[in-house]
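Working notes for the structure below.
Protein chains: 2
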Amino acid sequence: MSTSADQDREEGLSFSPKFDASDLLTCVATDAASGEVLMVAHMNEEALRKTVATGEAWYYSRSRQALWRKGETSGHVQRVVEMRTDCDQDAIWIRVEQTGAACHTGRHSCFYRKVEAADGGARLSFVDATGQFDPKAVYGK
Amino acid sequence: MSTSADQDREEGLSFSPKFDASDLLTCVATDAASGEVLMVAHMNEEALRKTVATGEAWYYSRSRQALWRKGETSGHVQRVVEMRTDCDQDAIWIRVEQTGAACHTGRHSCFYRKVEAADGGARLSFVDATGQFDPKAVYGK
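Line order of the protein sequences matches chains R and C. Oh and the first sequence: position 48 is 842 in this note's numbering, straight run, nothing missing. Oh and the second sequence: position 48 is 842 in this note's numbering, straight run, nothing missing.
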């Protein structure tokens, strides 16, 4: 059942992001050139505001419970080419120019393994096995 | 700090999806032809299993608290061309062939509005204003 508030959120032009119970939005970052999904992460209100204001991706790390400028340690920043929101404004899609690799494992995308049906379950296979850098050299661990 | 379990999850070939506190994974569906992000939704274990087994997208609706075969009401099914998982296996990316429109508003993608900086905040503008069908005619509400 749609309410008037739902209708405004879906068809209006005011940006009213709908944060979840943890005060976060889901954000999908894709490579602006290839369309590949690079990563899925979260933004709190401050990360969202900084991303809009600076044109570079900021996220909120749930594991570290901290605001996080993408690339602040590795230098692998994301320049935002376009930002969109979805019908109910609880998700963000950013098309980015990725410097270096999006993934902490050294791969361009975090989605470096395919899932395929096998033996009644599923198995993985690598799409990108090796990555572009040695994480130990970049992050020192 | 990485543990041996983290390392297995990131570099191994066994599929060990990491469900969140609500027993869900985040799933991003993109158009296999254009690369456009169509929608962001959630899968529980059963939705994931059915998606792998049938090659069509199944989700779990948090608002309706129910398993949901994409397109079961509208006919706008998603045929899965490729499924991937990310480094820590808590997100799924499916590349799909979308019949009709992914969005319940009648638009091909749920991400039909751009977010742009304006007056110290942000404003929206339509990328796809009209959509492909009349939701009332398809969903009867």
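Glycine included, C-beta positions come from ideal geometry on N, C-alpha and C. Just so you know, these numbers come straight off a predicted model, no measurement behind them.
If you check the beta carbons only, do residue i and residue j fall under 8 angstroms apart?
i                        : j                         : result
alanine 823 of chain R   : valine 890 of chain R     : yes
threonine 893 of chain C : valine 874 of chain C     : no
arginine 907 of chain C  : threonine 879 of chain R  : yes
alanine 826 of chain C   : tyrosine 853 of chain C   : no
arginine 901 of chain C  : leucine 807 of chain R    : no
alanine 841 of chain C   : isoleucine 888 of chain C : no
cysteine 881 of chain C  : threonine 899 of chain R  : yes
lysine 930 of chain R    : aspartate 884 of chain R  : no
aspartate 817 of chain R : glutamate 839 of chain R  : yes
glycine 829 of chain C   : glycine 829 of chain R    : yes
Which whole-angstrom value is the C-beta distance of residue i and residue j, which I expect to be below 8 angstroms?
i                      : j                            : result
serine 903 of chain R  : glutamate 910 of chain R     : The Cβ separation is near 18 angstroms, so there is no contact.
leucine 819 of chain R : methionine 837 of chain R    : 5 angstroms
serine 855 of chain R  : tyrosine 933 of chain R      : Not a contact, Cβ separation roughly 14 angstroms.
valine 831 of chain C  : phenylalanine 905 of chain C : 5 angstroms
How is residue i classed by DSSP in three states: helix, strand or coil?
i                        : result
glutamate 866 of chain R : coil
valine 871 of chain R    : coil
valine 932 of chain C    : helix
aspartate 814 of chain R : coil
alanine 799 of chain C   : helix
Stretch pair the segment 844–861 of chain C + the segment 853–872 of chain R: three plus CB contacts closer than 8 angstroms
Taking a contact to require three or more Cβ pairs closer than 8 angstroms, the segment 844–861 of chain C and the segment 853–872 of chain R do not qualify as touching.
Complete runs of the beta strand (DSSP E) confined to the segment 837–913 of chain R [at least 3 residues]:
Fully enclosed beta strand (DSSP E) runs of 3 or longer: 852–855, 860–863, 872–879, 885–892 and 907–912.
Which residues, in chain order, does the segment 818–841 of chain C contribute to contact with chain B at a C-beta distance below 8 angstroms?
No chain B is part of this structure, whose protein chains are labelled R and C.
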